[in-house]
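Line by line, the protein sequences give chains G and V. Numbering follows the working numbering, in which position 196 of the first sequence is assigned residue number 196; successive positions increment by one, without gaps. All you need for the working numbering is the position in the second sequence, starting with 1, plus 404. For every residue, glycine included, the Cβ atom is placed at its ideal position computed from N, Cα and C. Single-structure report; data block below.
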Amino acid sequence: MVKMTRAASVTALVGLALGIATLVASPARAIGTSDQAASILYWPKVVYDGTTDTLIRLSNVDTSAPTQAHCYYIDANSHCSNNPTQICDPQRNECGAGSCVPGWMEIDFDVVLTFEQPLAWNASRGIRRAELPLVPGKPPLLGGACNETGFPCGFSYPGCTCNFGQTNVGTGVPPVPEVPFVGALECIQYAPPQGSTPARPDNQAGAKNKLIGQATFLATPGGLPVDAASYNATGLRFRGVEAGVPGNELRLDDVQYDSCPTVLVLDHLFDNAIIGGGNVTDLTLVPCGNNFAAQIPGSVTAQFLVFNEFEQRFSTTRAVPCFLESQLSLLDTTNPTRSIFSFQVAGTWAGQTRIRPVGTADTGRGLTGAAWMRTNIGSAAYNLHQNGNPAFVNGLRPDIITLP
Amino acid sequence: MRGLKRSPGLFGLGVLLVALVAFAGHARADIASDQSGSLIIFPKVIADGSRDTWIQIANTTNSGVQAHCFYINAAGACSVTGAFCDIDEDCPSLTAPPVSQVCVHVCRELDFDILLTPQQPTIWPVSIGRAAFDGMPGIPPSVRIPPPPQPFVGELKCVQVDRSGFPAPGNALKGEAVIVPGQNRTAPDFGLLSEYNAISVIAGPNAGGSGILRFGPGQFNACPEKLIVPHYAEGATDGFTGATVSAELSLVACTELLEPQVATYSNANMLSWDEFEQQFSAPLQFGCSVNRRFNNIPVVNSPQFSAAVGGSLRKTTIRPQAGFQCYSGSERCHICGVYGSANPGLAETDPKCASAGPNALVGNCSCDPAIPNVCPGADPDFGCKQSPGLLGVVEEFYTSPSNTATAAINIYNQGSRPGDVIVMPALPQD
């Protein structure tokens, strides 16, 4: 009897473990992605300064249905306290007697994509209505014989095929609001409006996770040497409807959407190590959560743990109030030659930096980002690795995007 | 005593919980370019004089790890002269005696070991490799990283292994590749810098234990059903720089038979949409890997991906060929090298290729696994099996009057397609 009891208790324990296994392994552990389609996309870095522009690409992977994205440009320019129209760099003293005040301002817009459609725009220009590829009645290829003012395509003009299918109507992409501009872009997949129901975040079964995106930094127009660098937008996938969540709240908690990871891993060359004789890496980090309704940006603290090839470890910390962009060797000091990210200090070429976000803001504690290596022979951008997902216990709040 | 009797159950529970913790972070059953894995794949590695590649690999765990790496060179060689080539048009016809040439891509493998201490990153240029105490800063891996024979155009795969050399499910590896100008470049270098993340294949609890890596449930995560590549159409003009854009696609087969050193056969079915909803399609056939401009798919200067026949933007989906093929035996499906050639870069021993000629597809490439002995003489494990899955990366070239700039990007993937295998070379104790 005792043996039976013990056997039963062991069986129960194993059953309990299997139950925990199911609970732990299935819905959890779903961090974001930079190589799969998703419902929320982040482009952590978008720039335009007259000589460098960002080509934003956004595509619908649905094989038959259109989809809509509601997008937010986040203008992270800083401005002088004594002259609010003057854009300044917080790492330089550019405001005289005033101070350089970090900014956060969002503007939002819609993009409607037909099935399987790729679309792209320059941050400097956006997309004007006349530039939309597919509008009702207009020939798919610009310059055709019929136009959207009413020629009966196919009758008067044999061979001309006007578009009577899905269209890009509803799309209006503004140019970035300031020049120079530095900031981020965030797009959320929406279900198009139906009747009196307005467009809303898309949570329809089968219609979710249809967006992919890239950014390409393009430099120096006008016959001078060009440069190009690309990275993929970071995506969070819609997972399921979550009871009790207000309609304007998107919870990045592994239940409604993927969560942002517990650690971002950046492999890099230490600044001024080798390639091109003057390499530096710019890191951009943005919080995953934002309150667009109350215009309150996410605020997170990033803890950096840096390893060189000697297995030596260094660390530093920086606040990410809404957007952080910095050369690595300026993260911890104003003298890059004395930085833990510099070749002079680290002593090796390759480095691995683990970035752990912490914080207690209402918008959450997650971060996403991208890296841009600049050298004397050009530049290259790449995505950060993601590691682990948070357990939302002991008061740790998920990231939350609150929509207007 | 009572405590001892209870301990086996509790121990089992502990093991189960430890296993849970170990694998819970990797429940996403796909391949990924932004997570660490037990197998990392660099689909585009070039060291051909005009370009070089810096490989960066890191251990993301707090334990030391060992990995076994394979360079697989698919650089082309002209079928008679053996000169380095990319496409057939790079191989001029000979006049005495008059004979036409084709560009043959034969796959050759070179492997080495690498050891990484906890959280250690390391880096090396492919053209040079990295030797112990080579004067470079940092601790080099304790085993020499050799430079592969050059010109090299192909891929690098690294598998995390245990002390006995068998694949191990630790998911500790991550990597990046930086493509830089090579030593022999004559054109302007500025802008020729691209970087992409290595593709990670996450291992499940049942992965490893033998020299055969199996892609499927519980083992190594499966390769995708579909790849999605956003890119400019060939010849499109970038609106900001005014540069003319071309894109180069690099694909590798998920199934590799490294032990017998024979290339598999892949057929990528490509379907491309422009921004006007126009659709184009093309096939791309290759052996172990391919590196090809879109305007040379399926043949040189083909219009399928050209901006001249559609919009300037493309989104191309790539599906691996459905169906089965013979991987071994007398009906092995493969693309011929040059039969009887003494040049190791062209060598082909299959007698079928004597009459079929270089680049001909021979063997049974659409076998039915239900038919007994459909692949005569085949290895029981590698007879009539599913055609290989595909992985890849894309690189865009922006050409202005003064220079060419490049940007690489990881390809999106969708779905999973179990069934691929990688057969590692046998270990001494095997």
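First through last residue of the beta strand (DSSP E) which encompasses residue i
i              : result
V561 (chain V) : Looking at the sequence provided, one finds Lys at residue 561 (chain V) rather than Val. Per DSSP, K561 (chain V) belongs to the beta strand (DSSP E) from 556-565.
A76 (chain G)  : Careful: A76 (chain G) lies outside any beta strand (DSSP E) and carries neither H nor E.
V245 (chain G) : Segment: none, V245 (chain G) is in no beta strand (DSSP E) and carries neither H nor E.
C757 (chain V) : Not the beta strand (DSSP E): C757 (chain V) falls in the alpha helix (DSSP H), residues 756-760.
V703 (chain V) : Element bounds for V703 (chain V): n/a, residue is neither H nor E.
V61 (chain G)  : Premise fails: V61 (chain G) is in no beta strand (DSSP E) and is neither H nor E.
N610 (chain V) : Looking at the DSSP string, N610 (chain V) is not in any beta strand (DSSP E), and its letter there is neither H nor E.
V358 (chain G) : 350-358
R718 (chain V) : 717-724
F217 (chain G) : 211-219
D399 (chain G) : 399-402
G378 (chain G) : 378-383
G819 (chain V) : Counting along the chain, G819 (chain V) falls outside any beta strand (DSSP E), and DSSP gives it neither H nor E.
R313 (chain G) : 313-320
C-beta contact flag for residue i and residue j at 9 Å
i              : j              : result
S39 (chain G)  : G235 (chain G) : yes
Y802 (chain V) : T648 (chain V) : yes
A361 (chain G) : P287 (chain G) : yes
G615 (chain V) : P829 (chain V) : yes
F85 (chain G)  : L132 (chain G) : Looking at the sequence provided, one finds Thr at residue 85 (chain G) rather than Phe. No. Outside cutoff.
V263 (chain G) : N272 (chain G) : no
A323 (chain G) : I74 (chain G)  : First, the residue type needs correcting, since residue 323 (chain G) is Phe and not Ala in the sequence shown. A contact, by the Cβ cut-off of 9 Å.
I491 (chain V) : E559 (chain V) : no
C771 (chain V) : E735 (chain V) : yes
T375 (chain G) : G278 (chain G) : yes
I188 (chain G) : A69 (chain G)  : yes
G793 (chain V) : G823 (chain V) : yes
I813 (chain V) : P634 (chain V) : yes
V605 (chain V) : D452 (chain V) : no
D456 (chain V) : P585 (chain V) : yes
T464 (chain V) : L597 (chain V) : no
Q564 (chain V) : P573 (chain V) : yes
Buried or exposed by the 16-neighbour rule on C-beta atoms within 10 Å, applied to residue i
i              : result
A591 (chain V) : exposed
E800 (chain V) : buried
V703 (chain V) : exposed
E493 (chain V) : exposed
A371 (chain G) : buried
Q499 (chain V) : Correcting the residue type first, residue 499 (chain V) is Thr in the shown sequence and not Gln. Exposed, since its Cβ has fewer than 16 Cβ neighbours within 10 Å.
S156 (chain G) : With a pLDDT of 46 at S156 (chain G), under the threshold of 50, the modelled position of this residue cannot be trusted, and the question is left open.
T214 (chain G) : The sequence as given places Gln at residue 214 (chain G); Thr does not occur at that position. Classification of Q214 (chain G): buried, given that the 10 Å Cβ count is 16 or more.
D49 (chain G)  : exposed
S685 (chain V) : exposed
I400 (chain G) : buried
C826 (chain V) : The question names Cys, but residue 826 (chain V) in the sequence shown is Ile. By the neighbour-count rule (16 or more Cβ atoms within 10 Å), I826 (chain V) is buried.
V241 (chain G) : exposed
L269 (chain G) : buried
D785 (chain V) : exposed
R354 (chain G) : buried
V265 (chain G) : buried
I775 (chain V) : exposed
L367 (chain G) : buried
Boundaries of the alpha helix (DSSP H) in which residue i is found, first to last residue
i              : result
A471 (chain V) : That residue, A471 (chain V), is in no alpha helix (DSSP H); its beta strand (DSSP E) goes 469-477.
V345 (chain G) : 343-346
Proximity test, residue i beta-carbon vs the ligand ATP heavy atom, cut-off 8 Å
i              : result
K210 (chain G) : Ligands are entirely absent from the displayed structure, and the ligand ATP is therefore not among its contents.
Cβ contact (3+ pairs, closer than 8 Å) linking the stretch 249-256 of chain G and the stretch 72-83 of chain G: no
Any 3 or more C-beta pairs closer than 8 Å across the stretch 505-512 of chain V and the stretch 473-485 of chain V: yes
Validate contact between the stretch 192-203 of chain G and the stretch 82-96 of chain G using beta carbons, cut 8 Å, 3 pairs: no
The stretch 44-68 of chain G: positions lying closer than 8 Å to chain V by Cβ: D53, L55, R57, S59, V61
At least 3 beta-carbon pairs within less than 8 Å: the stretch 211-230 of chain G vs the stretch 101-110 of chain G: no
Three CB pairs or more closer than 8 Å across the stretch 388-396 of chain G and the stretch 325-335 of chain G: no
Residues, ordered as in the chain, of the stretch 110-131 of chain G that lie near chain V by beta-carbon distance below 8 Å: T114, F115, E116, Q117, P118, L119, A120, N122, S124, R125
Touching by the beta-carbon criterion (3+ pairs, under 8 Å), the stretch 734-751 of chain V and the stretch 638-653 of chain V: no
Short-range partners of chain G found in the stretch 790-807 of chain V, where Cβ spacing is below 7 Å: E800, Y802, S804, P805, S806, N807
Residues from the stretch 646-661 of chain V in contact with chain G, defined by Cβ distance under 8 Å: G646, A647
Residues from the stretch 806-832 of chain V in contact with chain G, defined by Cβ distance under 9 Å: S806, N807, T808, A809, T810, A811, A812, I813, N814, I815, Y816, N817, Q818
Cβ-based contacts, 9 Å cut-off: residues of the stretch 561-581 of chain V near chain G: K578, G579, E580
The stretch 699-719 of chain V in contact with the stretch 664-678 of chain V per 3-pair CB rule at 8 Å: yes
Cβ-based contacts, 7 Å cut-off: residues of the stretch 707-721 of chain V near chain G: G715, L717, R718, K719
Residues, ordered as in the chain, of the stretch 294-311 of chain G that lie near chain V by beta-carbon distance below 9 Å: L305, F307, N308, E309, F310, E311
Inter-stretch contact (C-beta, 8 Å, three-pair minimum) for the stretch 174-181 of chain G and the stretch 107-127 of chain G: yes
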